[in-house]
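In the UniProt record's numbering, the protein residues as written are 1 to 264. What follows is a short report on a single structure.
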Amino acid sequence: MKITTKRSITRYDSAGITNIEDTLVEEFPLTIYINDIEFATLVCSPEHLEELVVGFLASEGVIRHFNEIESINLDDRGGFCHVRLFHEVVTDHFTYSKRVLGSCCGKSRQFYFQNDAETTKISMSRTTLTPSACISLMQEMQSSSMIFKKTGGIHNASLGTKDGAFLHRGDIGRHNALDKLYGHCLTNRISVKDKVLIFSGRISSEVLTKAAKIGVGIVLSKSAPTNLAIKMAEDLNITAVGFIRGDSFNIYSHPWRIRKESSY
1 MKITTKRSIT RYDSAGITNI EDTLVEEFPL TIYINDIEFA TLVCSPEHLE
51 ELVVGFLASE GVIRHFNEIE SINLDDRGGF CHVRLFHEVV TDHFTYSKRV
101 LGSCCGKSRQ FYFQNDAETT KISMSRTTLT PSACISLMQE MQSSSMIFKK
151 TGGIHNASLG TKDGAFLHRG DIGRHNALDK LYGHCLTNRI SVKDKVLIFS
201 GRISSEVLTK AAKIGVGIVL SKSAPTNLAI KMAEDLNITA VGFIRGDSFN
251 IYSHPWRIRK ESSY
């Protein structure tokens, strides 16, 4: 499916008003059925949809491993995905939400949604990075997205190690981009314990919750964090690094994972 489209628009700048052709991102509604019961409708970019579904279900606590899925049938023309699991799922509104709309608090462990409390994990990662690796990973993530360069309309997320980023995903929804990474790792049985999450947007409590569910110990962002996200990062043993721009950045939690260049 196409994830961008061309459209004629009117542009104003210092030279005046002109008619030009612009590139816009597509929004795509995808309704997920679990064992023939409607579970959620996601609004997303129409690529890597199976990864999105797997990552979303894992993030919501519906599955923990890919082998819990019996089959996935994706109708990308109609906007439906039918998932059959080997086990029954309780799909009441008290346990799950149609979308992840909230975040969790720090040491109180009081989550907006019950499934967040059940699936968010304290990081056991011992992975460390040098400052130059943080900057290099951010540069690599930003340079990887041709769709963002054309449209400016998606969020980008990558997974990497100290040696470089190896997986890139983008989506109009920041949580979707993270779920696509998570779904790819689950589908391909890739361990994330030694991986680093690189993200284009701000580190909100929602993003921090997603990172904790995925299982990474370091989150790198070119933008700002929220105070609640940092409280959560401290509590969940995650190193949050923000404002990675040029040759500088801020470390907001667990700075021991960012080591001097001579440490390697």
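For every residue, glycine included, the Cβ atom is placed at its ideal position computed from N, Cα and C.
Of all alpha-carbon atoms in I214, K231, F199, A40, the one lying nearest the alpha-carbon of R189 is that of I214. Counting the other CB atoms within 10 Å of its CB gives K260 a total below 16, which places it among the exposed residues. Apart from sequence neighbours up to five positions away, the residues of its chain that approach T226 with a beta-carbon distance below 8 angstroms are R202, I203, S204, S205, ordered along the chain. Sequence-distant partners of D179 (beyond 5 residues in either direction) whose C-beta falls short of 7 angstroms from its own C-beta, in its chain, are L52, G55, F56, S59.
Annotation: the stretch 193-255 contains the following complete segments of the alpha helix (DSSP H) (minimum length 4 residues), in chain order: 205-214, 227-235. In the DSSP annotation of this structure, the continuous segment of the beta strand (DSSP E) that includes R169 starts and ends at 164-171. Annotation for D179: the continuous alpha helix (DSSP H) segment containing it runs 174-187. A Cβ-Cβ distance of about 7 angstroms is found for the pair F28 and G79, placing them in contact under the 8 angstroms criterion.
Distances from the CA of L85 to each of R64, D75, D76 were compared; the closest alpha carbon is that of R64. The residue among G242, G16, I20 with its C-alpha nearest the C-alpha of I218 is G242.
Residue range 49-59 is occupied by the alpha helix (DSSP H) that includes F56. The three-state secondary structure of A15, taken from DSSP, is coil.
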